[in-house]
Ligand SMILES: C[S@@+](CC[C@H](N)C(=O)[O-])C[C@H]1O[C@@H](n2cnc3c(N)ncnc32)[C@H](O)[C@@H]1O
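Shown next as structure tokens:
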């Protein structure tokens with residue numbers, strides 16, 4: 003039977019950071035996002051923040067970071083780690099953007115390795131747009147389209163990665179501009195005795211004031 007994805011992440015939260023491949027992946031994603039012109043005047047939402055491997059690495063470069071997730075277990079770990087940072091500029095929010103809009107506006111929205119767990123991708127991307135201030139930045143990292151062999155246990159995947167061209171069209175239709183893709187990491191895995199590489203893209207875009 004398919005496990006409730008929130009339960010899966012609640013249970014996984016305490017030991018999430020012990021997997022070195024997750025730490026390495028998040029490091030590469032955060033490093034690429036740090037190349038955006040972010041600064042300490044900016045507020046950010048990390049949607050599907052998990053334990054904060056990406057968001058908390060960027061928090062010192064920002065004015066404020068809000069970690070948003072649907073898993074209380076993940077948010078508890080995120081908050082514990084945030085409390086150890088010297089900056090006191092992080093908060094958490096339990097929220098599903100498919101069900102309710104963000105009550106706050108941000109200059110940057112991050113979403114790392116979460117979109118493939120979300121059924122209503124179009125709705126959530128539209129909510130990212132709505133949650134951004136004019137000229138705000140979007141940074142979404144996820145798997146390129148794959149055949150379903152990436153996840154060896156069912157953790158509530160709704161999509162087997164994403165096709166970059168379709169994603170670009172989706173973002174443009176919503177109103178994003180300056181849409182750029184880059185490959186930031188590749189996860190090598192043995193699948194049924196065969197070595198496979200799963201590339202991870204980062205797409206960055208902007209909520210432009212101009213149409
Ligand atoms: C694979 S983890 C990624 C965590 C973190 N962003 C990172 O890169 O290390 C996916 C996260 O998305 C959260 N999540 C799953 N579905 C979600 C949804 N519909 N809305 C918000 N968060 C969700 C999970 O609870 C989990 O923390």
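Numbering (this note's numbering), first residue to last: 3 to 213. We treat Cβ as the ideally placed atom computed from N, Cα and C, and that holds for glycine.
When we look at the beta-carbon of residue i and count the other beta-carbons within 10 Å, is it buried (16 or more) or exposed?
i           : result
residue 125 : exposed
residue 144 : buried
residue 101 : exposed
residue 96  : exposed
residue 54  : buried
residue 210 : exposed
residue 61  : buried
residue 114 : buried
residue 196 : exposed
residue 218 : Since the first and last residues shown for the chain are 3 and 213, residue 218 lies out of range.
residue 150 : exposed
residue 71  : buried
residue 129 : buried
residue 174 : exposed
From the DSSP output, which residues share a beta bridge with residue i?
i           : result
residue 208 : 139, 179
residue 2   : Given a span of 3 to 213 for the chain in the structure shown, any question on residue 2 remains unanswerable.
residue 19  : Residue 19 is not bridged to any residue.
residue 185 : 203
residue 190 : 199
residue 112 : 48, 141
residue 93  : 68
residue 146 : 164
residue 134 : 108
Following a CB-centred definition, is residue i positioned closer than 7 Å to any heavy atom of ligand 1?
i           : result
residue 150 : no
residue 52  : yes
residue 114 : yes
residue 185 : no
residue 119 : yes
residue 56  : yes
residue 11  : yes
residue 73  : yes
residue 7   : yes
residue 76  : yes
residue 141 : no
residue 98  : yes
residue 49  : yes
residue 28  : yes
residue 95  : no
residue 166 : no
residue 214 : The requested residue 214 does not occur in the structure, where the chain is confined to residues 3 to 213.
Count Cβ pairs between the region 202-210 and the region 165-184 that sit closer than 8 Å; are there 3 or more?
Output reads yes: the region 165-184 touches the region 202-210.
Open item on the list: For the region 15-22 against the region 78-91, do three or more pairs of beta-carbon atoms, one drawn from each stretch, fall closer than 8 Å, so that the two count as touching?
Closed with: Output reads yes: the region 78-91 touches the region 15-22.
| request: Report yes or no: do three or more beta-carbon pairs, one from the region 45-53 and one from the region 102-109, lie closer than 8 Å? | output: As far as the Cβ criterion goes, the region 45-53 touches the region 102-109, which means the pair count is three or higher.
If contact is defined by three or more beta carbon pairs under 8 Å, each pair taking one atom from either stretch, is the region 82-94 in contact with the region 113-129?
The answer is no - the region 82-94 does not touch the region 113-129, with fewer than three Cβ pairs under 8 Å.
* Cβ pair count under 8 Å reaching 3, the region 63-78 against the region 131-140 -> The region 63-78, when compared against the region 131-140, does not touch it at the 8 Å Cβ threshold.
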